[in-house]
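Per the numbering used here, the sequence shown starts with residue 12, numbered consecutively.
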Amino acid sequence: MLQRTQCPQCRRDLSVPEEMIGRETRCSTCGHTFKPALVEAASLPAGPPHWSEPGAAAAPPGDAEVVVIPLKLSLGDAGPALTQKIPPPPRPLRLVPLDGQPNQPGGPRRDFAMPCPYCGAGLPPDAYHCRFCGEILDDEHEPSWDRRAHRPPFRRDYEPHRGHLILGLGIVGLVFGPAGLPFAIAAWTMANKDLDKMQTHAMEPEGKYVTRDGKYCGIAGVVVGGLSLLVVLATMFRF
12 MLQRTQCPQC RRDLSVPEEM IGRETRCSTC GHTFKPALVE AASLPAGPPH
62 WSEPGAAAAP PGDAEVVVIP LKLSLGDAGP ALTQKIPPPP RPLRLVPLDG
112 QPNQPGGPRR DFAMPCPYCG AGLPPDAYHC RFCGEILDDE HEPSWDRRAH
162 RPPFRRDYEP HRGHLILGLG IVGLVFGPAG LPFAIAAWTM ANKDLDKMQT
212 HAMEPEGKYV TRDGKYCGIA GVVVGGLSLL VVLATMFRF
C-alpha cells in the first residue's frame with residue numbers, strides 16, 4: 012500500500028510503498044536522500060514548495076518564506092493603455108508651375124498657347140517640334156544638328172523605311188537626264204507613299220529626311236529629264 016510522505020529538501024509530496032517507511036530513499040525530483048516518514052494531511056504546508064539546489068541543507072518547514080502578491084481584478088486599476096502612433100494622412104497634391112510663377116487667374120496661358128496638330132498637346136508658340144509625339148512642326152527653322160534629338164516613341168511594328176533607295180533612284184534620275192526619267196518618277200512616287208505612312212506612324216520616322224531628299228531629287232530629275240527629252244525630240248523632228 013502506498014503511503015504519503017514529503018521530501019524535506021524540495022517539499023514535494025511523494026507516494027512510497029509502506030515497506031519503505033523508515034528506510035533511506037532518494038527523491039525523484041531533487042535527488043536528496045532521506046528516510047521517509049508518514050505525513051498527515053493537516054501537517055502539510057499550504058504554501059508552494061521551496062526549491063533549492065541538490066545537496067544543500069534542508070530548511071525546516073517553519074523557515075519557508077511565503078510571498079503574497081495581490082491581484083488587481085478591478086478595471087479601474089488597470090495600467091495606462093498602450094497607444095499606437097499612427098502617422099498623419101498625407102497632404103493633398105498641388106500643382107507647381109514649371110517657370111516658378113503661377114498663372115494669373117482669368118488670364119490666358121502664354122506658355123502653352125498652341126496645341127500640337129498631331130496629338131493635341133499644349134506647346135509653346137515658338138516650338139518647332141512636339142515634345143510629346145515627336146512630330147516636326149516647322150521644318151524650315153529646324154537646325155540640322157537637332158534632327159535626331161526628338162523622336163516619337165519606338166514601335167516594333169514599324170515598316171522599314173526606304174529612304175536610301177529612294178534617294179539613290181532620285182540621284183540616278185537627276186544625273187542621267189532623259190535616260191533616268193523612269194528612276195526619277197519611281198523615286199517621286201515611292202517618296203510620296205512612304206511620307207504618308209510616316210505621317211500615320213506606320214513606317215520608321217528615322218528615314219523621313221532621307222526620303223524627303225530623295226523626293227526632291229526625283230522631282231528635279233523629272234523636270235530635267237522631261238526638258239532634256241523635249242529638247243531631244245525637238246531636235247530630231249527639226250532635222
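A virtual CB, placed ideally from N, CA and C, is assigned to each residue, including glycine.
As the structure is a computational prediction, the values presented were derived from the model and not from experiment.
Just verifying my parser: in three-state terms, what is the DSSP assignment at Gly104? It should be pointed out that residue 104 corresponds to Leu in this sequence rather than to Gly. It is coil, neither helix nor strand.
Taking the alpha-carbon of Cys21 as reference, which of Glu30, Cys38, His212 has the nearest alpha-carbon? Looking only at Glu30, Cys38, His212, the smallest Cα-Cα distance to Cys21 is reached by Cys38.
Residue nearest to Thr29 in terms of C-alpha spacing, selected from Thr16, Cys41, Gly232, Thr40: As written in the sequence, residue 29 is Glu, which differs from the Thr given in the question. Checked all of Thr16, Cys41, Gly232, Thr40; the closest Cα to Glu29 is Thr16.
Nonlocal neighbours in the same chain, by C-beta distance under 8 Å from Thr36, ignoring five residues either side: Val27, Thr44, Phe45, Lys46, Pro47
Cβ neighbour criterion (16 or more within 10 Å) applied to Glu170: exposed
Compute the Euclidean distance between the alpha carbons of Arg142 and Ala231, then round it to the nearest angstrom. 34 Å
On the three-state DSSP scale, how would you describe Ser39? In the structure shown, Ser39 sits in coil (DSSP, three-state: anything other than H, G, I, E or B).
So, do the segment 96-104 and the segment 177-184 have three or more beta carbon pairs nearer to each other than 8 Å? no
Using only alpha-carbon positions, find the residue among Phe248, Pro216, Ala245, Asp224 that is nearest to Asp168. Pro216
For my contact list, Pro189 and Ser239 are in at a C-beta cut-off of 8 Å; report their separation, rounded to the angstrom. With a beta-carbon spacing of about 5 Å, Pro189 and Ser239 fall inside the 8 Å limit used to define contacts.
Starting from Asp168 and walking both ways along the alpha helix (DSSP H), at which residues does that stretch end? Counting along the chain, Asp168 falls outside any alpha helix (DSSP H), and DSSP gives it neither H nor E.
Straight-line CA distance for Ala202 to Met209? About 10 Å.
Quick check: the Cα distance between Leu185 and Met214, rounded to an integer number of angstroms? 26 Å
Gly181 and Gly229: beta carbons closer than 8 Å? yes
Using only the alpha-carbon positions, how far apart do Thr222 and Ala198 sit? 9 Å
For Lys204, count the other beta carbons within 10 Å of its own beta carbon; 16 or more makes it buried, fewer makes it exposed. Which is it? Label assigned to Lys204: exposed.
Just checking His175 against the ligand ADP - is the residue's beta carbon closer than 7 Å to any of the ligand's heavy atoms? No copy of the ligand ADP appears in this structure; indeed no ligand is present at all.
Using the rule of at least 16 other Cβ atoms within 10 Å of the residue's Cβ for burial, across every protein chain shown, is Ala195 buried or exposed? buried
From Asp207 to Pro135, what distance separates their C-alpha atoms? 26 Å
Quick one: what does DSSP say Gly131 is sitting in, helix, strand or coil? Secondary structure at Gly131: coil, using DSSP grouped into helix, strand and coil.
Nearest neighbour of Arg173, chosen from Lys226, Met125, Cys130 [CA to CA]: Checking every option, the nearest Cα to that of Arg173 belongs to Lys226.
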